[in-house]
Structure formats: structure tokens, C-alpha cells
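Q:
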Amino acid sequence: MLSRGTRFLSAAPLHHIQRALSSARPHGFASTPLAPLLKNKLRTASFPGVSKQRGMSACPGCSDQDMEDYGPSRSEVFSTPLAGTLERYDGHVFICLSSPPETWPSDALGVPTAGGLAVGTILSGKVKAAMKNMPEGTAKMRVTPCHALSSDEEGDLLYFPPSSAGGSRKLRTFKAASEEALQTFVDEVIVKGNTDTSAVPSKPLDRKQLFVCCHTQRDKRCGVCGPPLVTQLSSALGGGGQVRACSHVGGHSYAGNVLVYGNDMDWYGYVSPKDVASFAKALEAEEPGVVSVKLWRGRMGMTPDEHKAKVESMA
Numbered sequence: 001m002l003s004r005g006t007r008f009l010s011a012a013p014l015h016h017i018q019r020a021l022s023s024a025r026p027h028g029f030a031s032t033p034l035a036p037l038l039k040n041k042l043r044t045a046s047f048p049g050v051s052k053q054r055g056m057s058a059c060p061g062c063s064d065q066d067m068e069d070y071g072p073s074r075s076e077v078f079s080t081p082l083a084g085t086l087e088r089y090d091g092h093v094f095i096c097l098s099s100p101p102e103t104w105p106s107d108a109l110g111v112p113t114a115g116g117l118a119v120g121t122i123l124s125g126k127v128k129a130a131m132k133n134m135p136e137g138t139a140k141m142r143v144t145p146c147h148a149l150s151s152d153e154e155g156d157l158l159y160f161p162p163s164s165a166g167g168s169r170k171l172r173t174f175k176a177a178s179e180e181a182l183q184t185f186v187d188e189v190i191v192k193g194n195t196d197t198s199a200v201p202s203k204p205l206d207r208k209q210l211f212v213c214c215h216t217q218r219d220k221r222c223g224v225c226g227p228p229l230v231t232q233l234s235s236a237l238g239g240g241g242q243v244r245a246c247s248h249v250g251g252h253s254y255a256g257n258v259l260v261y262g263n264d265m266d267w268y269g270y271v272s273p274k275d276v277a278s279f280a281k282a283l284e285a286e287e288p289g290v291v292s293v294k295l296w297r298g299r300m301g302m303t304p305d306e307h308k309a310k311v312e313s314m315a
């Protein structure tokens with residue numbers, strides 16, 4: 001027969017278990033017979049709405065100590081103002097990879113697709129070489145690997161152009177499965193700004209798009225904070241948006257880092273599971289704007305000074 005304590009722990013909500021184990025550690029509770037049950041409940045717990053990403057799990061291999069040291073309640077959170085921590089850039093390309101983020105090395109750009117093509121390395125090099133042909137004053141273009149959803153194909157390129165590109169903000173998924181095709185993508189889509197080109201196969205990228213840094217080999221804070229956010233945001237948004245794990249985007253100390261494309265590419269830091277509901281509610285709007293002023297790091301196309309000024313204007 002199960003003891004009273006064992007029956008309670010089996011039925012207790014996850015956040016009660018986490019709080020009990022954390023508070024008990026200093027008093028030696030971790031060595032008691034109930035400790036294994038506590039840890040097993042944490043290890044096997046799942047969040048509502050299983051992610052549709054291949055192989056994603058909620059913080060792979062995380063222990064309660066990892067959550068304390070690297071999770072959303074770590075001591076450094078909110079020790080630094082977030083507005084202005086994003087340098088200006090003017091366009092973003094995400095490369096879909098089928099391999100899960102916990103397997104990516106520190107430099108995920110070199111991870112090859114199933115066909116053996118190191119799309120990230122090749123595309124990043126071509127984008128850098130093409131910058132000299134971009135309009136004067138154009139800031140850098142970012143290239144970031146992301147974890148493919150079940151609706152993506154490995155090697156798909158998700159392109160978020162500058163606001164002036166092609167005269168509109170049409171978002172599309174491009175297919176470029178060879179080095180030659182990648183060069184055409186850079187020449188036609190990035191340099192010329194022609195997102196409607198027929199030179200590179202593409203399809204519309206609908207709904208709101210979110211990217212969460214989960215790059216544990218680059219920084220453990222991202223590996224601990226990111227995966228639960230992917231799972232919970234995916235569940236909360238339902239059909240109203242798509243959420244992908246991505247590699248390093250800069251600013252490990254601000255994990256969880258979440259990039260949101262509603263009508264602009266907005267960056268947020270220190271995002272935790274308690275922010276998920278408010279994010280999902282705000283993103284129901286057709287043009288949501290800044291979802292959270294407190295968590296906002298900045299926006300694609302703006303300078304750090306412009307970010308700070310915008311936050312002051314919204315205060």
C-alpha cells in the first residue's frame with residue numbers, strides 16, 4: 001500500500017513538487033526515501049500540448065539543480081535592462097534542421113542537412129559576400145539554424161526581409177537544396193529584395209512566427225530555459241502561430257530569448273513560463289506590436305538607442 005506521503009506526491013501539481021524539492025535541499029531532504037519519487041516526477045513530467053517539433057522534450061536531461069542555476073529564476077534575471085541589448089540588423093534567414101537542438105555543436109551553422117549540405121556555413125558566407133551589393137546603410141543580415149516543425153522540410157529557408165524589401169512584408173519559405181540554388185536565393189531574394197521571385201521555389205509563410213533559443217552547447221541557460229517555452233508557447237498559441245527552437249541569437253544572459261514575428265521581428269529576454277499566457281493573449285491581435293515592454297530587447301531594423309527611446313515613450 002502506498003504511504004500517505006507517496007500518494008500525495010503522486011498526485012501533486014508539478015510546481016508544488018519543484019518548490020518542495022528546492023526548499024528541502026538545504027535541510028538534507030534529498031537523502032530521504034521520498035526524494036527519488038520527487039525527482040522522477042520532475043523528470044517524467046510533461047506540459048500541456050506536446051510540441052510538434054521532432055525530438056523536442058522539455059529541457060532534455062535537466063535536473064532540479066540545473067533549473068536553480070540556469071533556469072528562469074536564476075539570480076541574474078532582470079539584473080540588466082533589456083532595451084538596447086540588440087544591435088541593429090535588417091533581415092533574418094532561418095534554416096530548418098531536423099536534428100534536435102541538444103545535439104547541435106557550439107557552432108550550429110556547420111550542421112549539415114540529411115543530404116550532407118552545410119547550408120548554414122554556405123549561406124552565411126554568401127550573405128556576407130553579398131553585403132557589398134546591398135543598399136547603402138543596410139545593416140547585417142542574420143542567418144540562424146532552427147529546429148524543423150513537422151510542416152517544414154529540412155533545408156527550408158524562412159526569410160524575414162527588411163520592411164522595404166519588395167515594397168511589402170510578404171513572408172515566404174524558400175527551397176534551396178543546392179549551393180547554386182542558395183546563390184540564386186541570395187542574389188534574387190536578399191540582394192534584389194524580390195520575395196515573389198519565381199527563380200527560387202517558395203510558399204507563403206503564414207501565421208505568427210516565434211523562435212526560442214535552445215542552444216544548450218552554446219550556453220546552458222538557453223538549453224534549460226528554452227525547451228519548456230517552445231512546448232508551452234506552441235500549446236498556448238494553438239493554430240495562431242508556429243514556434244520553433246533555434247540556435248544562438250546572442251545574449252545568453254537574457255535567456256529565455258524569444259523572437260516574435262507579428263508584424264515586425266521583436267526580441268524578448270528573460271521570458272519564463274509564467275509569461276506564456278500573456279504572450280499568447282497579446283499575439284491574438286492582428287498587429288500585436290510590443291508584447292511586453294518589460295521583456296522587450298529590441299526590434300529588427302532599429303538601433304539600440306532607438307530601442308531605449310521607444311521604451312521610454314511607452315513608459
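Going by my numbering, the sequence shown opens with residue 1, and the numbers climb by one from there. The beta carbon of each residue, even a glycine, is placed where N, CA and C say it ideally should be.
Would a C-beta distance cut-off of 9 Å place V293 and A315 closer than the cut-off?
A: A contact, by the Cβ cut-off of 9 Å.
Q: I'd like the list of long-range same chain contacts for D66, defined as Cβ closer than 6 Å, with 5 residues on each side in sequence excluded.
A: These residues qualify, in order along the chain: V224.
Q: Is the separation between the beta-carbon of G269 and that of L295 shorter than 9 Å?
A: Contact: yes.
Q: Here's the rule I'm using: 16 or more other beta-carbon atoms within 10 Å means buried, otherwise exposed. How should S247 be labelled?
A: With 16 or more Cβ atoms within 10 Å of its Cβ, S247 is classed as buried.
Q: If contact is defined by three or more beta carbon pairs under 8 Å, each pair taking one atom from either stretch, is the region 266 to 283 in contact with the region 69 to 77?
A: Cβ pair count under 8 Å is three or more, so yes.
Q: When DSSP labels each residue in this structure, what does G91 get in the three-state scheme?
A: Strand at G91.
Q: Residues bridged to R299 by DSSP?
A: In DSSP, R299 forms a bridge with D266.
Q: Considering just the uninterrupted stretch of the beta strand (DSSP E) at R142, what are its terminal residues?
A: Per DSSP, R142 belongs to the beta strand (DSSP E) from 141 to 147.
Q: Since R221 is in the beta strand (DSSP E), which residue starts that stretch and which ends it?
A: From DSSP, R221 is part of no beta strand (DSSP E) but of the alpha helix (DSSP H) over 220 to 237.
Q: Could you tell me the alpha carbon to alpha carbon distance between M265 and A148, rounded to whole angstroms?
A: Going by the C-alpha atoms only, they are around 19 Å apart.
Q: Pull up the distance between the alpha-carbon of G55 and that of S313, whole angstroms please.
A: The predicted position of G55 is uncertain, since its pLDDT is 44 and thus under 50; a value taken from the coordinates is nonetheless stated next. Roughly 42 Å separates the two Cα atoms.
Q: Please confirm if K308 has its CB atom under 9 Å from at least one CB of chain B.
A: Going by chain labels, chain B is absent from the structure shown, which holds only one protein chain.
Q: Taking the beta carbon of S202 as the centre, do at least 16 other beta carbons fall within 10 Å, making it buried, or is it exposed?
A: Buried.
Q: Taking all protein chains shown into account, decide if F160 is buried (16 or more other Cβ within 10 angstroms of its Cβ) or exposed.
A: That one is buried.
Q: Less than 6 Å between C-beta atoms, sequence neighbours within five positions excluded: which residues of the same chain meet that for A139?
A: So the list reads R88, Y89, D90, once near-sequence residues are dropped.
Q: Within 10 angstroms of its Cβ, does E102 collect 16 or more other Cβ (buried), or is it exposed?
A: Classification of E102: buried, given that the 10 Å Cβ count is 16 or more.
Q: Can you tell me the Cα-Cα spacing of P135 and S163, whole angstroms?
A: Going from the Cα of P135 to the Cα of S163 covers about 13 Å.
Q: Output the distance between the C-alpha atoms of R172 and V186, rounded to the nearest integer angstrom.
A: Cα to Cα, the separation comes out at about 14 Å.
Q: Measuring straight from C-alpha to C-alpha, what distance separates P304 and R297?
A: Computed Cα separation, rounded: 9 Å.
Q: Please identify the residue among M131, R142, K132 whose C-alpha is closest to the C-alpha of G120.
A: Measuring from the Cα of G120, the nearest candidate turns out to be R142.
Q: Just verifying my parser: in three-state terms, what is the DSSP assignment at L157?
A: In this structure, L157 counts as strand in the three-state DSSP scheme.
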